[in-house]
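Below: one structure, written as structure tokens.
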DNA sequence: TTCGAGATTTAGGTAGTCCGAAATCAATAT
DNA sequence: ATATTGATTTCGGACTACCTAAATCTCGAA
Ligand SMILES: [Mn+2]
Ligand SMILES: [Mn+2]
Ligand SMILES: [Mn+2]
Ligand SMILES: [Mn+2]
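Below, the structure written as structure tokens:
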């Protein structure tokens, strides 16, 4: 039997694998809100069930089975966020926490009703791709706003859905998926980024900018895009 | 902390108190799907937390606190059933199981959004009253179709939401809350009840008829309504 | 190459929910 | 009044998910 806890561990492992090439016990402990000791125990259990490959002291990787369990939960999560936002008019900084609990209890039947009613949406309110029913998902390379050179034109693709405070602020600044912007300058010491959005300019800290994923529309002439990490 | 299990025990105790004047361990065991031994243990815990009054070998009663916890869950359940039915078009024999899981995880915020969108509904798809936000509820006397004399005109008020098979059948027979009917005859041995609904007549067994709650529109001239039990 | 520091695992334990089997109780029939 | 029986509780045990503290491992700095 797959418990809600199993689903959360697998989902967070999936998310961490997208951002890091090595997923550790402590990273997972941080995400699921449990102690490292607890995570070690759970990883042994998940490995026994063949949902992850686990090398003590090394790290953890999802198996194919584990990945599809994770994607099923991610699909629920993102469909629910989209539904709550569009059908119930719930603001985008409140949908995540609600979906976090609902994702584990909706039936496949309800999932498909929601999917139909929304006309099979491809992205959620934060710009994240919604896995298809068959588990396929478009996992494009993720370019963080912190890694964009000055002078570049881009469009926001996705923002992190975890922090309501961040989302409320981005909303006030009119920074949403789809928003066009130009990077005016990057301050090298503190990483402050100056942007032009429509006709206004504004400054973001690197903590905020690192939560924003963009795609480049017109590259700066002065050099190449920096690599993250 | 109130767990999902706590909520289920309290909710079922509430439901049983409406139908019986004495709620026993085995009745609860049957409803929550656990052994009598398990229920005894849980009742001790619930009594310790002052959610029920529990007399070993005697039975169990909700305290005021226990009742309001139960009504909160019942409100979630019935609002969700109504929403799933009206907004998502889910058939009335499928909404119960879905609501059974969702009821424990929706926030007060989502509850109120749903309530607003439905314009503060008073009854759910099965005719059961939805407790108000403040916990008030119209608990009218419940007259079962099995207790109605031949010759009486009535209207269906409520049907049990637990059994999808029953609901599917009632739907096929066009027996819904609001449906008018006349009891043509009651067969004394097997309890078969003959009804006239619109222009057609049909026969129900007592198992089915006992799940239907009615209110009398015009009493038979030949005597009084029988008492249940 | 050795030595820590920090990450991780192991050990020992709690809380919650469940079970079957055995013991006990309460109510009824004799 | 007593025996029987069905309901209920008690007992011993299982399983999951969590914790802290102690032991152990890994890897980079010296
Ligand atoms: Mn979750
Ligand atoms: Mn999202
Ligand atoms: Mn429930
Ligand atoms: Mn109902």
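Chains as they are written, first to last, in our numbering: chain G, 1 to 229; chain W, 1001 to 1229.
Here a beta-carbon is modelled for each residue, glycine too, at the ideal position from N, C-alpha and C.
Please read all numbers here as calculations on a predicted model, not as lab measurements.
- The Cβ neighbour count for residue 1178 (chain W), taken over all protein chains shown within 10 Å, is under 16; the residue is labelled exposed.
- When DSSP assignments are scanned along the stretch 119-191 of chain G, the uninterrupted stretches of beta strand (DSSP E) that are 3 or more residues long and fall wholly within it turn out to be 153-159 and 180-186.
- When rounded, the separation of the alpha-carbon atoms in residue 49 (chain G) and residue 8 (chain G) is 15 angstroms.
- Contact between residue 206 (chain G) and residue 191 (chain G) is confirmed by a C-beta separation of about 3 angstroms, below the 8 angstroms threshold.
- From the beta-carbon of residue 1105 (chain W), the residues of chain G found nearer than 7 angstroms are 101, 102 and 105.
- At least 7 angstroms separates the beta-carbon of residue 126 (chain G) from that of residue 4 (chain G).
- Residue 1037 (chain W) carries a helical assignment under DSSP once its states are collapsed to helix, strand and coil.
- Between residue 81 (chain G) and residue 60 (chain G), the C-beta spacing is not below 7 angstroms.
- Here the C-alpha atom of residue 1106 (chain W) lies approximately 19 angstroms from the C-alpha atom of residue 1090 (chain W).
- Residue 1114 (chain W): member of the alpha helix (DSSP H) spanning 1108-1117, first to last residue.
- Close CB contacts of residue 132 (chain G) within its chain, under the 6 angstroms cut and outside five residues either way in sequence, are absent.
- Assignment of residue 1055 (chain W) by DSSP, reduced to helix, strand and coil, places it in the strand class.
- Within 9 angstroms of the CB of residue 130 (chain G), no CB atom of chain W is found; the nearest one sits about 18 angstroms away.
- For residue 213 (chain G), DSSP records a beta bridge to G:144 and G:158.
- Taking 6 angstroms as the cut-off, one finds at least one heavy atom of ligand 2 near enough to the beta carbon of residue 161 (chain G).
- Annotation for residue 202 (chain G): the continuous beta strand (DSSP E) segment containing it runs 200-204.
- DSSP links residue 61 (chain G) through a beta bridge to G:53.
- For residue 1176 (chain W), the shortest C-beta to heavy atom distance toward ligand 4 is 6 angstroms or greater.
- For residue 1016 (chain W), the enclosing alpha helix (DSSP H) begins and ends at 1004-1019.
- The set of residues whose C-beta lies within less than 5 angstroms of a heavy atom of ligand 3 reads, in chain order, W:1008 and W:1100.
- At a Cβ-Cβ threshold of 7 angstroms, residue 159 (chain G) and residue 170 (chain G) count as neighbours.
- Between residue 1010 (chain W) and residue 1069 (chain W), the C-beta spacing is below 7 angstroms.
- At a cut-off of 6 angstroms, the beta-carbon of residue 1019 (chain W) does not count as near ligand 4: no heavy atom of the ligand is closer than that.
- Residue side-chain check: residue 81 (chain G) places its Cβ nearer than 6 angstroms to a non-hydrogen atom of ligand 2.
- Interface residue (Cβ-Cβ distance to chain W less than 7 angstroms): residue 149 (chain G) is not classified as such.
- Counting only residues of its own chain and dropping the five nearest sequence neighbours on each side, residue 1084 (chain W) has a CB closer than 7 angstroms to the CB of 1090, 1095, 1098 and 1099.
- Closer than 7 angstroms to the CB of residue 110 (chain G) there is at least one CB belonging to chain W.
- Judged by beta-carbon spacing, residue 1032 (chain W) lies within the 7 angstroms limit of residue 1012 (chain W), meaning their Cβ atoms are closer than that value.
- Taking 7 angstroms as the CB threshold, residue 113 (chain G) lines the interface with chain W.
- Chain order gives the chain W residues near residue 90 (chain G) as 1109, 1110 and 1113, where near means a beta carbon separation below 9 angstroms.
- Within chain W, no C-beta atom comes nearer than 7 angstroms to that of residue 86 (chain G); the closest sits roughly 12 angstroms away.
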